[in-house]
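Trainee: Sharing a structure here in structure tokens format.
There are 2 protein chains.
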Amino acid sequence: MNKNTFIQEARKQQIIEATIITLDDIGYVKASLAQIAKRASISTALISYHFADRQDLIDQSLQALIEQSATFILTKTYAANDPVTQLGNFIEASITYQATHEKEKAALLEIVFNARTTEGVPYYKLPDDDEDPLLKALCNILEDGKKQGKFFVGSVTIMAKVIQGAIGEYMLIGGPISIEAEEYSEEVTKIIWTAMEVEGPKNA
Amino acid sequence: MNKNTFIQEARKQQIIEATIITLDDIGYVKASLAQIAKRASISTALISYHFADRQDLIDQSLQALIEQSATFILTKTYAANDPVTQLGNFIEASITYQATHEKEKAALLEIVFNARTTEGVPYYKLPDDDEDPLLKALCNILEDGKKQGKFFVGSVTIMAKVIQGAIGEYMLIGGPISIEAEEYSEEVTKIIWTAMEVEGPKNA
DNA sequence: ATAAAATTTGATTAAGTAATCAAAAAAATG
DNA sequence: CATTTTTTTGATTACTTAATCAAATTTTAT
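Protein chains in written order, with the working numbering: chain A, 1 to 204; chain B, 205 to 408.
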């Protein structure tokens with residue numbers, strides 16, 4: 001039952017990886033079970049054996065993608081203790097993750113903008129506020145900085161959205177990347193700090 | 205040939221409208237010709253008569269959506285002459301458009317994040333810089349303000365992305381809208397002006 | 001009104017879809 | 001080594017898809 005679960009878990013992981021590759025490769029619309037199976041070098045029936053249905057596979061892939069990116073970003077974020085540095089870390093890590101995880105970034109986009117609940121509600125319209133650990137962390141950092149008198153913010157919620165937007169926008173720069181990740185994240189950090197009138201190290 | 209074109213054009217317009225409604229309704233994946241035809245109360249073959257293929261229909265719908273929003277936003281933007289007000293107008297008009305054109309907003313998202321070129325390149329990865337009239341206008345405004353010594357901007361390109369990101373983020377707030385359009389656009393304008401050290405009327 | 005042209009439809013086609021299932025293969029168990 | 005359990009497959013299922021086309025309808029022109 002132990003090793004058994006390991007093997008099962010390994011195969012599920014393999015199928016999820018193939019799903020991510022397929023989504024990046026040909027997009028959500030054409031990412032059929034057949035296409036995913038081909039990339040995993042298995043039969044389509046095996047996917048059905050390990051996952052309840054296509055929706056289930058997509059959902060588990062999404063969950064894996066979210067967890068992976070959140071771990072990466074939050075680890076780097078909380079390497080510091082003060083909100084000013086944390087914010088800089090958060091922005092930099094978010095951009096870096098995208099730049100170094102092309103496939104995962106694309107797959108995440110494909111799922112979020114295509115999948116819908118059984119009731120037909122698109123995932124991107126679901127209230128992310130409660131669930132999204134990244135948004136939560138970002139809001140906490142902003143609240144902290146505000147309390148400590150380091151940030152001057154009107155609405156924390158809206159400032160968080162603006163930061164998320166700036167990060168998200170980098171996702172959409174495709175093909176031959178015209179703006180380097182480092183340049184972009186430094187400049188965005190500078191902009192956000194200025195907007196909050198931070199006397200930061202990069203903002204002098 | 206004159207009235208003829210009118211009728212043809214009217215039908216095409218009707219089909220494009222049905223496409224937008226369908227995309228908003230059930231999403232790109234399920235927006236088949238049959239579903240679109242049903243909503244237009246016509247046969248599927250009639251769609252094929254007026255459009256080369258599904259891709260063509262989607263492309264023409266996208267073009268219509270882009271033109272409509274660009275006209276709306278740019279008209280309001282250039283009601284003013286100075287870059288500071290223009291920027292405020294641009295942000296406000298962009299948010300307002302989304303808030304008042306739910307269906308069009310959703311349809312645009314569905315197309316941009318789903319459609320791909322024949323070579324398989326997703327539309328959102330296409331280099332928008334050259335074509336997108338909104339980005340072009342935004343960059344011009346920022347350049348103007350910079351030249352006139354009213355904006356302090358490091359990289360105009362990146363500042364434009366940040367603004368676009370803040371606007372785009374509002375698109376993704378779905379369901380029971382937690383933030384009012386007016387509040388959001390005013391706060392964003394304030395943030396961006398502060399980031400560029402603008403002494404604006406709303407920024408005192 | 002009649003002929004010609006444009007528009008619209010219903011039926012059909014060929015291809016692809018997710019999911020199921022009995023049977024084969026592999027692995028784990030005693 | 002034999003047998004039970006888990007894993008995997010190939011074939012089949014019922015269904016949806018975009019696109020085509022001859023025939024019917026409507027519109028336009030004469």
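Yeah, the Cβ is synthetic: ideal placement off N, Cα and C, and Gly gets one too.
Tell me which residues of the region 19–46 of chain A have at least one Cβ-Cβ distance to chain B shorter than 9 angstroms, keeping chain order.
Mentor: Under the 9 angstroms Cβ criterion, the region 19–46 of chain A contributes D25, I26, G27, Y28, V29, K30.
Trainee: Report yes if the CB atom of L33 (chain A) is closer than 9 angstroms to the CB atom of S48 (chain A), and no otherwise.
Mentor: Their beta carbons are under 9 angstroms apart, which means L33 (chain A) touches S48 (chain A) by this criterion.
Trainee: Residues of chain B with CB under 9 angstroms from N114 (chain A), in chain order?
Mentor: The contacting residues are G231, Y232, V233, E314, F317, N318.
Trainee: Which value, in whole angstroms, describes the spacing of the CA atoms of N407 (chain B) and N285 (chain B)?
Mentor: Only weak support exists for where N407 (chain B) lies, its pLDDT of 46 falling under 50; the coordinates are left without a value.
Trainee: Which partner residues does P133 (chain A) have in the DSSP bridge list?
Mentor: Beta-bridge pairing links P133 (chain A) to no other residue.
Trainee: Check P326 (chain B) in the structure and name its three-state DSSP category.
Mentor: In this structure, P326 (chain B) counts as strand in the three-state DSSP scheme.
Trainee: Compare the C-beta of A297 (chain B) with all C-beta atoms of chain A and state if any pair is closer than 9 angstroms.
Mentor: No, no contact with chain A.
Trainee: Can you tell which of A:S61, A:C139, A:E102 has its C-alpha closest to the C-alpha of K154 (chain A)?
Mentor: Reading off the sequence, residue 154 (chain A) comes out as Gly, not Lys. Among A:S61, A:C139, A:E102, the Cα nearest to that of G154 (chain A) belongs to A:C139.
Trainee: With a threshold of 9 angstroms between beta carbons, is Y253 (chain B) in contact with chain A?
Mentor: No, because no Cβ of chain A sits closer than 9 angstroms to the Cβ of Y253 (chain B).
Trainee: Output needed for A31 (chain A): all residues of its chain with C-beta closer than 6 angstroms, excluding positions within five of it in sequence on either side, in chain order.
Mentor: For A31 (chain A), where only same-chain residues beyond five positions count, the Cβ hits under 6 angstroms are T22, L23.
Trainee: Could you round the C-beta distance between A370 (chain B) and K161 (chain A) to whole angstroms and report it? I think they count as a contact, below 8 angstroms.
Mentor: The pair is a contact, with the Cβ atoms about 7 angstroms apart (cut-off 8 angstroms).
Trainee: Suppose you measure from the CA of T189 (chain A) to the CA of F72 (chain A); what does that come to, to the nearest Å?
Mentor: Between T189 (chain A) and F72 (chain A), the C-alpha separation is close to 19 angstroms.
Trainee: Among the residues of its own chain, which have a CB less than 6 angstroms from the CB of Y28 (chain A), if the five just before and after it don't count?
Mentor: For Y28 (chain A), where only same-chain residues beyond five positions count, the Cβ hits under 6 angstroms are E110, N114.
Trainee: Starting from the C-beta of Y124 (chain A), find all residues in its chain whose C-beta is less than 7 angstroms away, skip the five residues before and the five after it, and write them out in chain order.
Mentor: Once the five neighbours on either side are set aside, the close Cβ partners of Y124 (chain A) are V112, F113.
Trainee: Please tell me whether L138 (chain A) has its Cβ less than 9 angstroms away from any Cβ of chain B.
Mentor: It does not: the Cβ of L138 (chain A) has no partner Cβ on chain B nearer than 9 angstroms.
Trainee: Would you verify that the beta carbon of Y301 (chain B) is, or is not, closer than 9 angstroms to some beta carbon of chain A?
Mentor: No - not a single Cβ of chain A is within 9 angstroms of the one on Y301 (chain B).
Trainee: Have a look at Y388 (chain B) and W397 (chain B) and give me their C-alpha separation to the nearest angstrom.
Mentor: Looking at the two C-alpha atoms, the distance is approximately 14 angstroms.
Trainee: Determine the closest residue to M375 (chain B) out of B:T289, B:Y301, B:M363, with distance taken between C-alpha atoms.
Mentor: Taking only the C-alpha atoms, the option nearest M375 (chain B) is B:Y301.
Trainee: Counting contacts by CB-CB distance shorter than 9 angstroms, is T100 (chain A) in contact with chain B?
Mentor: No - not a single Cβ of chain B is within 9 angstroms of the one on T100 (chain A).
Trainee: Pull up the DSSP beta-bridge partners for R116 (chain A), would you.
Mentor: Its beta-bridge partners are A:P122.
Trainee: Of the choices B:T304, B:E271, B:T281, whose alpha-carbon is the least far from that of E335 (chain B)?
Mentor: When each option's Cα is compared against that of E335 (chain B), the closest is B:E271.
Trainee: Among B:V325, B:S273, B:Y282, B:G292, which residue has its Cα nearest to the Cα of A303 (chain B)?
Mentor: It is B:S273.
Trainee: Using the Cα positions of I158 (chain A) and A310 (chain B), report the straight-line distance between them to the nearest angstrom.
Mentor: When rounded, the distance between both Cα atoms is 21 angstroms.
Trainee: Can a CB atom of chain A be found closer than 9 angstroms to the CB of M205 (chain B)?
Mentor: For M205 (chain B), the pLDDT reaches just 36, beneath the cut-off of 50, and the residue's location in the model is therefore unreliable, leaving the point undetermined.
Trainee: Within its chain, find whatever has a CB closer than 8 angstroms to the CB of I179 (chain A); leave out the 5 residues flanking it on each side and keep chain order.
Mentor: These residues qualify, in order along the chain: Y170, I173.
Trainee: Assign F90 (chain A) to one of two classes, buried (16 or more other C-beta atoms within 10 Å of its C-beta) or exposed (fewer than that).
Mentor: So F90 (chain A) counts as buried.
Trainee: Rounded to a whole number of angstroms, what is the C-alpha to C-alpha distance between A307 (chain B) and Q8 (chain A)?
Mentor: Residue identity check: residue 307 (chain B) is Lys in the sequence provided, not Ala. Looking at the two C-alpha atoms, the distance is approximately 43 angstroms.
Trainee: Out of A:I26, A:S61, A:K38, which one is the CA nearest neighbour of K12 (chain A)?
Mentor: Here the closest residue by C-alpha is A:S61.
Trainee: Near L250 (chain B), what residues of its chain come up, given a Cβ to Cβ distance below 6 angstroms and the 5 sequence neighbours on each side ignored?
Mentor: So no residue of the chain qualifies.
Trainee: When every heavy atom of the ligand GDP is checked, does at least one fall within less than 8 angstroms of the C-beta of V325 (chain B)?
Mentor: Looking for the ligand GDP in the displayed structure turns up nothing, as the structure carries no ligands at all.
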